[in-house]
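Chemist:
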Amino acid sequence: MNIFVGSLPFSIEEADLRESFEAYGPVDSVKIITDKFTGRSKGFGFVEMPNDDEAQKAIDELNGATVQGRTIVVNKSEPRPEGDRRSAGGGNRNFSRDNNRGGGGGGYRGGNGGGNRGGY
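All letters in the sequence shown, in the order written, are residues 1 to 120 by full-length UniProt numbering.
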(Lines of atoms letter the chains of each structure in order from A and count residues from 1; the text may use other names and numbers.)
(Lines give C-alpha, C1' and ligand atoms only; values in the text may rest on other atoms or scores of the structure.)
Protein backbone atom coordinates (compact mmCIF):
# COMPACT_ATOMS: atom_id res chain seq x y z
CA MET A 1 0.00 0.00 0.00
CA ASN A 2 1.20 3.49 -0.82
CA ILE A 3 0.89 5.84 2.18
CA PHE A 4 0.89 9.64 2.16
CA VAL A 5 2.64 11.34 5.08
CA GLY A 6 2.09 15.09 5.44
CA SER A 7 3.02 17.94 7.80
CA LEU A 8 6.48 16.46 8.22
CA PRO A 9 9.20 18.48 9.94
CA PHE A 10 11.50 19.88 7.25
CA SER A 11 14.51 18.37 9.03
CA ILE A 12 13.29 14.74 9.01
CA GLU A 13 15.34 12.25 6.99
CA GLU A 14 14.00 9.34 4.95
CA ALA A 15 15.79 6.91 7.30
CA ASP A 16 13.90 8.37 10.30
CA LEU A 17 10.57 8.05 8.48
CA ARG A 18 11.40 4.47 7.46
CA GLU A 19 12.20 3.58 11.06
CA SER A 20 8.83 4.93 12.26
CA PHE A 21 6.93 2.75 9.77
CA GLU A 22 9.10 -0.36 10.18
CA ALA A 23 7.70 -0.66 13.70
CA TYR A 24 4.51 -1.90 11.95
CA GLY A 25 6.05 -4.13 9.27
CA PRO A 26 8.40 -4.23 6.28
CA VAL A 27 8.80 -1.06 4.22
CA ASP A 28 9.52 -1.26 0.49
CA SER A 29 10.35 2.39 -0.08
CA VAL A 30 10.33 5.86 1.49
CA LYS A 31 10.41 9.12 -0.46
CA ILE A 32 10.35 12.61 1.02
CA ILE A 33 9.40 15.11 -1.68
CA THR A 34 11.90 17.95 -2.13
CA ASP A 35 11.95 21.23 -4.03
CA LYS A 36 13.81 20.64 -7.28
CA PHE A 37 15.69 23.94 -7.07
CA THR A 38 16.65 24.17 -3.39
CA GLY A 39 16.61 20.47 -2.46
CA ARG A 40 14.67 21.39 0.70
CA SER A 41 11.88 19.12 1.91
CA LYS A 42 8.36 20.18 0.96
CA GLY A 43 7.07 18.67 4.21
CA PHE A 44 5.43 15.56 2.80
CA GLY A 45 6.35 12.17 1.46
CA PHE A 46 5.26 8.64 0.65
CA VAL A 47 5.90 5.26 2.26
CA GLU A 48 5.27 1.98 0.43
CA MET A 49 4.44 -1.08 2.54
CA PRO A 50 3.79 -4.50 0.96
CA ASN A 51 1.28 -5.77 3.54
CA ASP A 52 -2.01 -3.85 3.50
CA ASP A 53 -3.01 -4.89 7.03
CA GLU A 54 0.30 -3.68 8.49
CA ALA A 55 0.10 -0.51 6.42
CA GLN A 56 -3.42 0.20 7.71
CA LYS A 57 -2.27 -0.32 11.29
CA ALA A 58 0.59 2.14 10.71
CA ILE A 59 -1.88 4.68 9.27
CA ASP A 60 -4.28 4.25 12.19
CA GLU A 61 -1.58 4.65 14.82
CA LEU A 62 0.67 7.28 13.22
CA ASN A 63 -2.01 9.66 11.92
CA GLY A 64 -2.04 12.56 14.38
CA ALA A 65 1.23 11.50 16.03
CA THR A 66 3.77 14.14 16.99
CA VAL A 67 7.14 13.95 15.22
CA GLN A 68 9.81 16.49 16.18
CA GLY A 69 7.13 18.81 17.53
CA ARG A 70 4.77 18.57 14.53
CA THR A 71 1.49 16.67 14.27
CA ILE A 72 1.76 14.55 11.13
CA VAL A 73 -1.01 13.47 8.77
CA VAL A 74 -0.93 9.86 7.58
CA ASN A 75 -3.42 8.30 5.18
CA LYS A 76 -3.72 5.94 2.23
CA SER A 77 -2.40 7.58 -0.90
CA GLU A 78 -4.95 7.55 -3.70
CA PRO A 79 -3.74 8.16 -7.25
CA ARG A 80 -5.04 11.34 -8.80
CA PRO A 81 -7.72 10.88 -11.44
CA GLU A 82 -6.14 11.20 -14.89
CA GLY A 83 -7.87 14.54 -15.58
CA ASP A 84 -6.36 16.19 -12.48
CA ARG A 85 -2.71 15.73 -13.43
CA ARG A 86 -0.78 18.90 -14.11
CA SER A 87 1.74 19.16 -16.91
CA ALA A 88 5.25 20.51 -16.36
CA GLY A 89 4.18 23.74 -18.07
CA GLY A 90 1.50 24.44 -15.49
CA GLY A 91 -1.41 22.80 -17.25
CA ASN A 92 -4.25 24.41 -19.13
CA ARG A 93 -5.03 27.69 -17.46
CA ASN A 94 -7.59 28.80 -20.05
CA PHE A 95 -5.36 31.47 -21.57
CA SER A 96 -6.21 32.46 -25.11
CA ARG A 97 -3.43 33.36 -27.53
CA ASP A 98 -5.90 35.54 -29.45
CA ASN A 99 -6.58 37.79 -26.49
CA ASN A 100 -4.62 40.82 -27.67
CA ARG A 101 -5.06 43.81 -25.43
CA GLY A 102 -3.44 46.39 -27.64
CA GLY A 103 -4.88 49.86 -27.08
CA GLY A 104 -5.13 50.17 -30.83
CA GLY A 105 -4.87 53.40 -32.79
CA GLY A 106 -4.76 56.75 -31.11
CA GLY A 107 -1.46 57.96 -32.52
CA TYR A 108 -0.38 60.97 -30.48
CA ARG A 109 -2.79 61.03 -27.60
CA GLY A 110 -2.99 64.50 -26.20
CA GLY A 111 0.46 65.39 -27.52
CA ASN A 112 -0.65 67.32 -30.58
CA GLY A 113 -2.80 70.08 -29.20
CA GLY A 114 -5.41 67.68 -27.90
CA GLY A 115 -6.23 65.91 -31.18
CA ASN A 116 -9.74 66.48 -32.49
CA ARG A 117 -11.15 68.42 -29.58
CA GLY A 118 -13.03 71.47 -30.59
CA GLY A 119 -11.95 71.76 -34.26
CA TYR A 120 -11.21 75.47 -34.98
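Ideal Cβ placement from N, Cα and C applies to all residues, glycine included.
In this text, all values refer to a predicted model and were calculated from it rather than measured experimentally.
Within a Cβ cutoff of 7 Å, which residues of the same chain sit near P50, ignoring the five residues on either side of it in sequence?
Modeler: Answer for P50: P26 and D28, listed in chain order.
Chemist: Can you name, in chain order, every residue of its own chain whose Cβ lies under 7 Å from the Cβ of R18, other than the five neighbours on each side?
Modeler: Answer for R18: V27 and V30, listed in chain order.
Chemist: With the cut-off set at 8 Å, would you say G43 and S7 are in Cβ contact?
Modeler: It is a contact, given that the beta carbons lie within the stated cut-off.
Chemist: Please name the residue in V47, K36, E82 and L62 whose C-alpha comes closest to that of T71.
Modeler: Closest option to T71, Cα to Cα, is L62.
Chemist: Can you grab the Cα-Cα spacing for the pair P9 / F37, in whole Å?
Modeler: So the alpha carbons of these two residues sit roughly 19 Å apart.
Chemist: If you reduce the DSSP assignment to three classes, tell me which class K31 lands in.
Modeler: Note: K31 maps to strand in three-state DSSP.
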